[in-house]
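Reviewing the structure listed below.
Protein chains in written order, with my numbering: chain C, 79 to 429; chain G, -17 to 284.
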C-alpha cells in the first residue's frame, strides 16, 4: 500500500473540494442536484448554483424542509446532495434524516460542512461535535469523515454511487492534502498508514495528520504505532481493527468529536467484539467548547499530536490488569459488600 | 374475525364506469364500505386510528379511483401520480383503498400492524405496494411532495403529486417552511389537500392550536387555494374539487376539505376521543349498526 504524501503539500479546505467536485461531477451525473440552506457561500455550493441554476435549490434557513425535499427528489430518481453546517444538519434534520431518508434508504448525500471545531470562531453553537454519533445511529446510513480535500472528493464520488444515504463530514478550514496519489478510498476499508506493534492508533478526519505526526514522535521514543486511517466510520473496517488490536493489545481512537458515541465508540465496539484490548480516546470530553483560533481550540480541547503522544505512552506504559489487584483490595475494604464479586473476579484472574 | 364484507360493486366496474354520476355513487358506496372494513379491522386488531382514517375515506377513494393515474401491477411505474398521506396515522384507510385498487390482496388487511406484515402501523413505502412515501412523524409530507414535484419538472415528467395533511401536519413548523418553498419554486401539478376535520389527538383544533383563518394563510403564503371549502365526505364534491385542481395553471394548488373526524358513527364524530383509542367490543357493537345502515342506503342508491 502506498503511504500518503507528507505534509509539505498544498492546503485545500474540504468545503472547497466538495464544491468543486459537485461542479466537476455534474456533467457525468445528470441526476445530481444540490440543495443548500442559505449558506452556499460558506459550504461552497455557490459554484454549482451558478453553473447549474436549474439543478440547485436554495431553500432558505429551513434545514428540515431541505432534507425532506431531497427525500422526495431521491424517491423519484434524482441524486440530491444537501448542504449546511454539520451541526444543523445533524440536529435540525434528525427526524427527517431518520424517518424519511434512512427509513426509506433513499440515496441522499448529506454534506455536513464545518464539522468538528472547524467553525472555531463562531463558538459552541456552531461546532459539530456530536454529528458522527447521531449519524452513526441511523440505520442504512454510511458515515464518512474525510481527512483532507482528496478524501472528500473521493467520498462524494462514492456516495453518489451508493444505493442509500451517506453522510460526509467536512471541515471549514484549509488543511494539508495528504491522500493525493494514495490508494483510492473505499467505503468500509481502513488505510494502514504505518506498521507498528506497541499500540494501534485509529483516526478519522482532520486528526489523522496529527496521528501521523504523533506516530513519528513515538517512533523516536521507541514506541511503534500501527496507524489506521478510517475515513469510513460506518460501516467500519472491523477486520482491520481486529487484526491490529490483536497484534498490539492497545488501541487509541482519535477524533474531532465528543468521546461519546462517535468514532471512538465505533472502534471500541469492533475491538470489544473481535479482539478486546486496552483502549483510550482522544476527543472532546463531556462539555461545551468555545470560540477561538482553530488550532488553539483543538489543542485546548485535547486534540493534538502532543495529546496523542501522551495518551499513547500512558496506554503502552500501563501495567497488565493483574498488577492492579492491590488497588482493588483497597476498594474492597471501603465498600466490602458492593465490590465483593468484582474482587473475587480479580482474585481469580490473578491465579 | 372472518373475512371482510365483499363489496356490492366490483372495483373494476367502478374504474370502467364512464357515467360520472353513476361513478360518484359507486365511489360513495365503496368509500363507506372501506370505512366499515377499517372499523372491523381496528376492532379485531385492537389497534389503529379510527378518527383520522374515517375522515379521509372519500377523499382517498376518489383520488385512487378517479383522479390518479396508477398501475397497481407496476407500483413503481415512473410516470404514476404520487400520493403522500402525510397524516400517516390514517394508514388503515389507505391500505383498504390500495387493496381495493388492486395493489395487494384485500385479505392482507387482516395482518394490519402485526409482526411480519407489509402493513405497518404507519405507511412504509419499502413494505407496501402502492405507498409512495413513508409517513408517521407528522409534518414531513409537504416537503417530500415538493421534492417529488420538483423531480417531475427536472425530468420533464407530467405526473401529479398530491399530499394529504390534517391539523397535526399543519401544527408542524416544517409544513410552513415547505409552504414557503413551494411558493418559491412553484412546481407544476403539486396539490395540497387539507383534511380539515377540526380535531386533533388532545382535543379540538380550536382548543389545541387554532389554525384559522386558513384561507388567509394560504393566500398570504402565495398559494393558489380553491376559493371555497369542499365537503370531503360527498364524493361529488370531492370530484368537483379535483376537477377544479386539474384546470389550474398557477402553482402550487391547495384545497380545503371540511370533514368530520370519526365520520360515520354518531358518537365518534366531532370528538378527539376516537383519534387512536382501542375499539373495544362494546364500542364496536354499538357503532357497527350505524355504519351498516348508511351502507345499505348507499347500496340502494347504486
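Positions of the beta carbon are idealized from the N, C-alpha and C atoms, including for glycine.
- Remark: C-beta atoms of residue 344/C and residue 311/C approach each other more closely than 7 Å.
- Neighbours of residue 180/C in chain G, taken as residues at a C-beta separation under 7 Å, are lacking, since the least C-beta distance is about 10 Å.
- Here DSSP, grouped into helix, strand and coil, assigns residue 203/G to coil.
- Pairing residue 206/C with residue 193/C gives a Cβ-Cβ distance under 7 Å.
- According to the DSSP assignment, residue 358/C belongs to the beta strand (DSSP E) that extends over 356 to 362.
- Per DSSP, residue 91/C is one residue of the beta strand (DSSP E) stretching across 89 to 91.
- Under the three-state reduction of DSSP, residue 186/G is assigned to strand.
- Interface residue (Cβ-Cβ distance to chain C less than 7 Å): residue 170/G is not classified as such.
- If you draw a straight line from the Cα of residue 175/G to the Cα of residue 127/G, it is about 12 Å long.
- Residues of chain C whose Cβ lies closer than 7 Å to the Cβ of residue 115/G are, in chain order, 153.
- Less than 7 Å divides the Cβ of residue 39/G from the Cβ of residue 17/G.
- The count of Cβ pairs closer than 8 Å, one atom from the stretch 351 to 362 of chain C and one from the stretch 376 to 388 of chain C, reaches three, so the stretches are in contact.
- Inter-segment contact for the stretch 210 to 223 of chain G and the stretch 156 to 171 of chain G is absent: fewer than three beta-carbon pairs are separated by less than 8 Å.
- At a cut-off of 7 Å, the C-beta of residue 128/G has a neighbouring C-beta in chain C.
- In this structure, the alpha-carbon of residue 31/G lies about 30 Å from that of residue 225/G.
- Of all residues in the stretch 178 to 206 of chain C, the ones placed with a Cβ closer than 9 Å to any Cβ belonging to chain G are 178, 181, 182, 183, in chain order.
- Residue contact check for residue 143/C against chain G: a CB pair falls below 7 Å.
- Against chain C, a Cβ distance below 8 Å from residue 138/G picks out nothing, because the smallest value is about 11 Å.
- Contact annotation: in the stretch 260 to 274 of chain G, no residue has its CB less than 8 Å from a CB in chain C.
- Counting other Cβ atoms within 10 Å of its Cβ, residue 209/C reaches 16 or more and is therefore classed as buried.
- Within chain C, no residue has its beta carbon less than 7 Å from that of residue 61/G; the closest one is some 11 Å off.
- Here the C-alpha atom of residue 195/G lies approximately 24 Å from the C-alpha atom of residue 167/G.
- DSSP, read as helix, strand or coil, puts residue 312/C in strand.
- In its chain, beyond the 5 residues on either side, 303, 387, 390 have a beta carbon closer than 7 Å to the beta carbon of residue 296/C.
- In terms of Cβ geometry, residue 113/C and residue 148/C form a close pair [threshold 7 Å].
- Chain G has no Cβ within less than 7 Å of the Cβ of residue 127/C.
- For residue 104/G, no Cβ of chain C is located within less than 7 Å of the residue's own Cβ.
- For residue 141/C, the uninterrupted alpha helix (DSSP H) segment begins and ends at 141 to 153.
- For residue 149/C, the closest Cβ of chain G is nearer than 7 Å.
- Rounded to the nearest angstrom, the gap between the Cα atoms of residue 264/G and residue 0/G is 42 Å.
- According to DSSP, residue pairing for residue 303/C in a beta bridge involves 277/C.
- The Cβ neighbour count for residue 139/C, taken over all protein chains shown within 10 Å, is under 16; the residue is labelled exposed.
- Annotation: the continuous beta strand (DSSP E) that includes residue 114/C extends over 110 to 114.
- Secondary structure at residue 264/C: coil, using DSSP grouped into helix, strand and coil.
- With respect to residue 246/G, residue 36/G sits close: the two C-beta atoms are nearer than 7 Å.
- Within chain G, 119 have C-beta atoms less than 7 Å from the C-beta of residue 173/C, given in sequence order.
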